[in-house]
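Participant: If you count by the UniProt record's numbering, then the sequence shown holds residues 1 to 133, one letter each, in order. Got a structure for you, written out below as structure tokens; questions coming shortly.
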Amino acid sequence: MRSGLITPRRVAIAVACVLSLVVCCGLAYWQWERFSQAGGTFQNLGYVFQWPLFGLFPAFMVWRMRKLAAQRRAEDAAVGADTSSQVAGEPVAAPSEPVVTVEPVRTPAHDDEDDELAAYNRYLRELHARDQR
């Protein structure tokens, strides 16, 4: 048996998970009672199914975090085994830099410009020139 299996942190997490499940099951029972009454709606019935899922969520998150931590430890162990098996003097290729090509911005041809757009552009140039003075 591993030492430190039961720690105060693990006990607190387990208590929080059990407490959330108990509280949420109590809320589900409360919603069931509301649904059973004359004024109960199907929304109350929906909450009857939803509250236990809320109560199980902390336990699911603990399970998920432990699973991800185990995967991370396994990957670290695999990387450690790979680096220890390499020869000390073996060169390691540096990652290549990505090649980025930038095409110049081409100005649109003015021969297909319509008259209304040309008049608007002239107007904007005149306004800009007036503001510069």
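Here a beta-carbon is modelled for each residue, glycine too, at the ideal position from N, C-alpha and C. Please read all numbers here as calculations on a predicted model, not as lab measurements.
According to DSSP, is L21 helix, strand or coil?
Facilitator: helix
Participant: Any chance the segment 42–55 sits against the segment 15–26, with 3 or more Cβ pairs inside 8 Å?
Facilitator: yes
Participant: Output needed for M1: all residues of its chain with C-beta closer than 7 Å, excluding positions within five of it in sequence on either side, in chain order.
Facilitator: Only weak support is given to the placement of M1: the predicted model assigns it a pLDDT of 46, under 50, and the question is left unresolved by the model.
Participant: For W32 versus L21, is the C-beta spacing smaller than 9 Å?
Facilitator: No, these two residues do not count as a Cβ contact at 9 Å.
Participant: Between C24 and W51, how many whole angstroms is the CB-CB distance? I'm expecting something under 8 Å.
Facilitator: 5 Å
Participant: Within the continuous alpha helix (DSSP H) that includes L127, where are the two ends?
Facilitator: D115 to Q132
Participant: Among residues of its own chain, excluding the 5 on either side of L27, which ones have a beta-carbon nearer than 6 Å to its beta-carbon?
Facilitator: W51
Participant: Nearest-angstrom Cα distance between L5 and A69?
Facilitator: Those two C-alpha atoms are separated by around 16 Å.
Participant: Please state if the CB of V48 and the CB of F60 are separated by a distance shorter than 9 Å.
Facilitator: Not closer than 9 Å, so no.
Participant: Using the three-state DSSP reduction, which class does P98 fall into: helix, strand or coil?
Facilitator: coil
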